[in-house]
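Working notes, beginning with the structure itself.
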Amino acid sequence: MTVIQATEGDFQQQVVDRSHSTPVVVDFWAPWCAPCGQLSPLLEQLAADADGAVVLAKVNSDEHPGLSKTYGVQSIPAVKAFVDGEVVDEFTGAKNAVVVQRFFARLIPTEADRLVASGGEDALRRALELDPGRADASVALGAILLGRGEHQEALALLEQVRGSFRADGMIASIRLREDPELRLDEALDALAAGRTQEGLQTLLERIKDHPDHTDGLRAIIVGVLDELGAADPLARDVRRRLTAALY
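Numbering (the numbering used here), first residue to last: 1 to 247.
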């Protein structure tokens with residue numbers, strides 16, 4: 001089903017929860033709103049054309065004013081796109097067809113998106129052929145190469161996407177691992193094995209012992225924290241401890 005009617009009672013399930021697997025476009029409208037009537041057929045046609053890649057949820061603002069208040073709707077039509085439970089894009093008013101088509105296109109996964117999501121080495125290499133500057137594909141493929149000990153190929157790949165926290169951290173780990181004084185094998189092996197807290201603790205200790213390698217060690221830690229996400233309790237704790245160690 002590409003078009004659903006959402007209410008205050010089922011919005012969480014129909015829109016927020018659903019958006020974790022499929023992007024949901026929410027159309028806030030009302031029967032008396034002439035621009036809503038102009039926009040609605042276009043939204044429904046684009047949802048149908050997306051063939052299940054995007055779901056359209058319609059919310060009657062007169063019947064469900066609480067939802068309009070929650071999501072800051074001050075005028076209608078108001079259209080909001082939900083992905084992973086959050087509003088990621090929006091517009092207000094009856095936009096022309098080109099604008100609305102582009103709005104939908106930004107939500108539909110590209111071939112490269114689908115390849116990266118699959119996660120296999122062949123798929124990641126193909127994704128990089130389609131989009132050479134794609135950091136998420138480079139980082140994922142770099143991790144596979146590092147797991148096989150192919151450090152130089154991983155380094156060459158990751159150098160192309162410098163500026164990504166994870167890529168910069170992986171580059172630093174490759175280069176610093178070669179320094180026998182740092183003894184990073186213990187920390188990096190722990191991270192690779194999923195013992196994240198142990199690995200981060202060891203890296204923090206290395207910063208105290210080797211201030212001349214602060215930048216590289218910090219890059220490794222920040223890369224791991226970026227992967228954990230800002231809301232992760234361990235990430236918050238380590239970020240605080242990292243700041244204390246540096247300053």
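We put the beta carbon where it would ideally sit given N, CA and C, even for glycine.
Around the Cβ of Arg134, a 10 Å sphere holds 16 or more other Cβ atoms; the residue is buried. When C-alpha distances from Leu56 are compared across Ser75, Ser19, Thr92, the shortest belongs to Ser19.
Glu198 and Lys208 have their C-alpha atoms spaced approximately 16 Å apart. Straight across, the Cα-Cα distance linking Arg125 with Leu141 is about 7 Å. Taken through DSSP and simplified to helix, strand or coil, Thr92 comes out as strand.
Cβ atoms of Ile108 and Val54 come within 8 Å of each other, at about 6 Å. Put simply, the backbone Cα of Glu205 is about 53 Å away from that of Phe28. Looking only at Ala143, Arg162, Thr2, the smallest Cα-Cα distance to Leu188 is reached by Ala143. Minimum Cα-Cα distance from Pro132 among the listed residues Glu159, Ala230, Glu8 corresponds to Glu159. The three-state reading of DSSP puts Ile4 in strand, counting E and B together. Looking at the DSSP output, Lys208 bridges to nothing. Only residues of its own chain outside the window of five on either side were considered, and among them Ala112, Leu115, Val116, Leu124, Ala127, Leu128, Asp131 have a CB closer than 8 Å to the CB of Ala137, listed in chain order. Note on geometry: alpha-carbon atoms of Gly93 and Asp84 lie some 25 Å from one another. Distance between Gly229 and Trp32, taken at the CA atoms: about 44 Å. Going by C-alpha positions, Leu182 is about 42 Å away from Glu86.
Sixteen is the threshold: since fewer than 16 other Cβ atoms of the shown chains lie within 10 Å of the Cβ of Ser75, the residue is exposed.
Linking Gly52 to Leu46 through their CA atoms gives a straight-line distance of about 11 Å.
In the DSSP annotation of this structure, the continuous segment of the alpha helix (DSSP H) that includes Ala47 starts and ends at 34–49. When the beta-carbon positions are compared, Phe91 and Phe103 come within less than 8 Å of each other. Per DSSP, the unbroken alpha helix (DSSP H) holding Val224 starts and ends at 214–228. Apart from sequence neighbours up to five positions away, the residues of its chain that approach Arg241 with a beta-carbon distance below 8 Å are Leu204, ordered along the chain. Annotation for Leu141: no beta strand (DSSP E) segment contains it, though the alpha helix (DSSP H) segment containing it runs 135–147. Annotated three-state conformation of Asp27 is strand, per DSSP. For Val100, the enclosing alpha helix (DSSP H) begins and ends at 97–105. Its Cα nearest to that of Val222, the residue Gly163 stands out among His210, Asp179, Arg195, Gly163. Bounds of any beta strand (DSSP E) do not take in Leu158; it lies within the alpha helix (DSSP H) bounded by 151–159.
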